[in-house]
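Residue numbers (numbering that gives the first Met the number 0): 0 to 466.
Don't be surprised by glycine CBs; every beta carbon is placed ideally from N, CA and C.
Quick caveat: nothing in here was measured; it's all calculated off a predicted structure.
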Amino acid sequence: MRVLDARILGIEGVARAVDRPSSGVSAEVARSVESIVADVRTRGDVALLDHTGRFDGFRPATAAGLAITPAELDAAERDVDSAVRGALAYAAERIERYHAAALPKSWRITDEHGSVMGQEVRPLDRVGIYIPGGRAAYPSTVLMTAIPARVAGVREIVLVTPPDSQGQVPAAVLAAARIAGVTEGWRVGGAQAVAALAYGTDMIRRVDKIVGPGNVYVALAKTRVFGDVGIDMVAGPSEIVVVADRAADPAWIAADLLAQAEHDPMARALLITDAPELVPRVRAALVAQLERLPRRAIAGEALAANGACVLVASLEAAIDVANRLAPEHLELMVAVPAALLPRVRHAGAIFLGAHTPEVVGDYVAGPNHVLPTAGTARFASPLGTEDFVKRSSVIEYSPAGLAAAQPHLAVLARIEGLDGHGRAAELRASEPRASRGGPPAEPRASQGGPPAERPGHAAPATKEARG
């Protein structure tokens, strides 16, 4: 690992030094994704069968063979090793408890005239969760994506994941799907799975939102379909920043850096410290632990290309560097982490103290492990229940409230050249329906509910249409 001195380079110098060169996306990959998405939109299930056969080596006779049946989920939960089942259940309970506490709720406020404003929070109807496949199984990602959706009230949770050449999906993934509350599953992956979720086929109905990580094809496909369907984020390689003081254990620091480095050759693992004597001890611990790591080739490549020890003048300066990097994972391995926490402005997840390794967040702590990467923690947040709901504004004015607002509304409408807007309020304020002896109010759909909708009188969808 390189050693960088922020006292000399400055924050921006460090940021430039550790910034991963953009791998970019080749024109060939971009064209391939565009072609796959268009093909699925045009040929539907036949395209899914063709692309699954091409990329995964599995092509059933009909699209029905791509379905993961409820019986398969039941069997996986029943037959999986008891230790695996217990670990999944333990993690699921904690993930559910955490996300239930963060569930957005509807609310109301009432002003001095008795007018009511607020928000109604409603779950999405149908969401898709993408679970990566290939050489590894990721049951934890099933829990982290499906459980928040279920807690939010989503009725239909659709899992897609690539199969092996025999059409098999890891039993742990299927068991996690049953535990998490997945309602539908398909053995299809890649850009073709994203396209099927976004646009639908004869077998797979379209969803409202797609969440979950994947490779470059999945990431590009999610970007391509965004706007026709919602997405959570476009995830990049994993990253960790460990802020440590002189009392931190070098072996623990090294273990946490390696835990991220083993993910991907593009993973980033950084130590930031105000204790120069800690650096050689951490580097020695990395060498010793790397030799025993099964994925040492991947981790070693990541550390060589994207690892660094950054020296700073103080722990406060360390947080300044961390804020500039806005890492996916930030560990505060210092004596009093709570003292530094208020200074942290940009991080996907923050781990406080020596006994809180980042890996607890990956699996069992409860907060989500689907996190913003590549500096996007400056403006993005972890996946959560709020990603599976939408908010509608609710407004109910009293006659007195409208009368008080009308003069101000008229001024603003006149400035914008929309006299009809002002007139709509003026009519009600100057000629209340009750005083004109007009027809009775429309019957309400239910006590305290909104006025009953009249056929042919649905409100336009946009402000421009209303104007």
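1) Residue ranges of each beta strand (DSSP E) run of no fewer than 3 residues wholly in the segment 308 to 358, ordered along the chain?
2) Mark Lys208 as exposed unless 16 or more other C-beta atoms lie within 10 angstroms of its C-beta, in which case mark it buried.
3) Tell me whether the beta-carbon of Ile128 lies closer than 8 angstroms to the beta-carbon of Tyr137.
4) Please confirm if the segment 160 to 177 is in contact with the segment 396 to 414, defined as three or more CB-CB distances below 8 angstroms between the two stretches.
5) Using three-state DSSP, classify Glu290 as helix, strand or coil.
6) Looking at the secondary structure, which residues open and close the beta strand (DSSP E) in which Gly9 lies?
7) Tell me, which residues are paired with Glu155 by DSSP?
8) Would you call the segment 327 to 335 and the segment 232 to 250 in contact, with 3 or more CB pairs under 8 angstroms?
9) Contact defined as beta carbons within less than 8 angstroms: I believe Ala298 pairs with Leu289. What is the distance between those atoms, to the nearest angstrom?
10) Along the chain, which unbroken stretches of the beta strand (DSSP E) at least 3 residues long are found entirely within the segment 382 to 429?
11) Between Val388 and the rest of its own chain, which residues show a CB-CB distance below 6 angstroms, the 5 nearest in sequence each way excluded?
12) Considering just the uninterrupted stretch of the beta strand (DSSP E) at Glu261, what are its terminal residues?
13) Once DSSP output is grouped into helix, strand and coil, what is the label at Gly205?
14) Could you check whether Ala258 and Glu357 sit closer than 8 angstroms to each other, using their CB atoms as the reference points?
15) What separation, rounded to the nearest whole angstrom, lies between the Cα atoms of Pro264 and Pro366?
16) Quick one: Cα of Gly52 to Cα of Val210, how far?
17) With C-beta atoms as the reference, is Val233 less than 8 angstroms away from Val28?
18) In angstroms with no decimal places, state the Cα-to-Cα distance between Leu401 and Ser391.
19) Comparing C-alpha positions only, which one of Ala14, Gly9, Gly189 sits nearest to Ala373?
20) Skipping 5 residues on each side, what residues in its chain have a beta carbon closer than 7 angstroms to that of Ala274?
21) Identify, in the order they occur along the chain, each residue of the same chain with its Cβ nearer than 7 angstroms to the Cβ of His491, setting aside the five sequence neighbours on each side.
22) Ignore the nearest five residues each way along the sequence and tell me which others in His407's own chain have a CB closer than 8 angstroms to its CB.
23) Considering Thr109, what are the terminal residues of the beta strand (DSSP E) in which it resides?
24) Can you grab the Cα-Cα spacing for the pair Gln191 / Val181, in whole Å?
25) Please return the same chain residues whose Cβ sits closer than 7 angstroms to the Cβ of Asp418, not counting the five positions on each side in sequence.
26) Within this structure, are the beta carbons of Ala346 and Ala321 separated by less than 8 angstroms?
27) Let me confirm a value: Arg6 is counted as buried when at least 16 other C-beta atoms fall within 10 Å, else exposed. Which label applies?
28) Measuring straight from C-alpha to C-alpha, what distance separates Phe54 and Gly132?
29) Taking DSSP's pairing of strands, which residues face Phe225 in a bridge?
30) Does the Cβ of Phe225 have 16 or more other Cβ atoms within 10 Å, making it buried, or fewer, making it exposed?
31) Look up Gly117 in the DSSP assignment and give the residues it is bridged to.
32) Can you tell which of Val157, Ala379, Ala325 has the C-alpha that lies nearest to the C-alpha of Val141?
33) So, under 8 angstroms CB-CB, Val36 and Thr200 are touching, yes? Tell me the CB distance rounded to an integer number of Å.
34) Are Gly467 and Ala268 closer than 8 angstroms when you measure CB to CB?
35) What does the alpha-carbon distance come out to for the pair Ala66 and Arg223?
36) Please classify Ile394 as buried or exposed, where buried requires at least 16 neighbouring CB atoms within 10 angstroms.
Looking at the coordinates:
1) Qualifying beta strand (DSSP E) stretches, in chain order: 328 to 332, 348 to 351.
2) Taking all protein chains in view, the Cβ of Lys208 is crowded by 16 or more other Cβ atoms within 10 Å, so the residue is classified as buried.
3) Contact: no.
4) Contact fails: fewer than three Cβ-Cβ distances are below 8 angstroms.
5) When DSSP states are grouped into helix, strand and coil, Glu290 belongs to the coil group.
6) Note, Gly9: premise wrong, no beta strand (DSSP E); alpha helix (DSSP H) at 5 to 17.
7) DSSP output for Glu155 lists Arg125 as bridge partner(s).
8) Enough Cβ pairs lie closer than 8 angstroms, so yes.
9) Sure, about 6 angstroms apart at Cβ, within 8 angstroms.
10) Runs found: 388 to 395.
11) Cβ neighbours of Val388 beyond the five flanking positions: Pro103, Val120, Pro122, Ala151.
12) For Glu261, there is no enclosing beta strand (DSSP E), as DSSP marks it with neither H nor E.
13) Per the sequence presented here, residue 205 reads as Arg, with Gly not at that position. Three-state result, Arg205: coil.
14) Yes, these two residues count as a Cβ contact at 8 angstroms.
15) The alpha-carbon atoms of Pro264 and Pro366 are separated by roughly 26 angstroms.
16) Those two C-alpha atoms are separated by around 24 angstroms.
17) Taking 8 angstroms as the Cβ cut-off, Val233 and Val28 do not qualify as a contacting pair.
18) Looking at the backbone, the Cα of Leu401 and that of Ser391 are separated by about 21 angstroms.
19) Per the Cα distances, Ala14.
20) Only residues of its own chain outside the window of five on either side were considered, and among them Asp244, Arg245 have a CB closer than 7 angstroms to the CB of Ala274, listed in chain order.
21) One cannot answer for residue 491 here, as it falls past the ends of the chain, which runs 0 to 466.
22) If we look at His407 and ignore the five residues flanking it on each side, it has no Cβ neighbours.
23) 106 to 109 is the extent of the beta strand (DSSP E) around Thr109.
24) So the two alpha carbons sit approximately 20 angstroms from each other.
25) Setting aside the 5 residues that flank it on each side, Asp418 is surrounded in the same chain by Ala412, each with a C-beta closer than 7 angstroms to its C-beta; the list follows chain order.
26) Going by C-beta atoms, Ala346 is nearer than 8 angstroms to Ala321.
27) Burial call: exposed.
28) Between Phe54 and Gly132, the C-alpha separation is close to 12 angstroms.
29) In the DSSP secondary-structure assignment, Phe225 is bridged to Val228.
30) Residue environment: Phe225 is assigned as exposed (fewer than 16 neighbouring CB atoms within 10 Å of its CB, all protein chains considered).
31) Gly117 is bridged to Arg107, Val393.
32) Closest option to Val141, Cα to Cα, is Val157.
33) Actually they do not touch by this definition, with Cβ atoms about 12 angstroms apart.
34) Shown here, the chain extends from 0 to 466; a query on residue 467 therefore has no answer.
35) Rounded to the nearest angstrom, the gap between the Cα atoms of Ala66 and Arg223 is 25 angstroms.
36) By the C-beta density criterion, Ile394 is exposed, having fewer than 16 other C-beta atoms within 10 angstroms.
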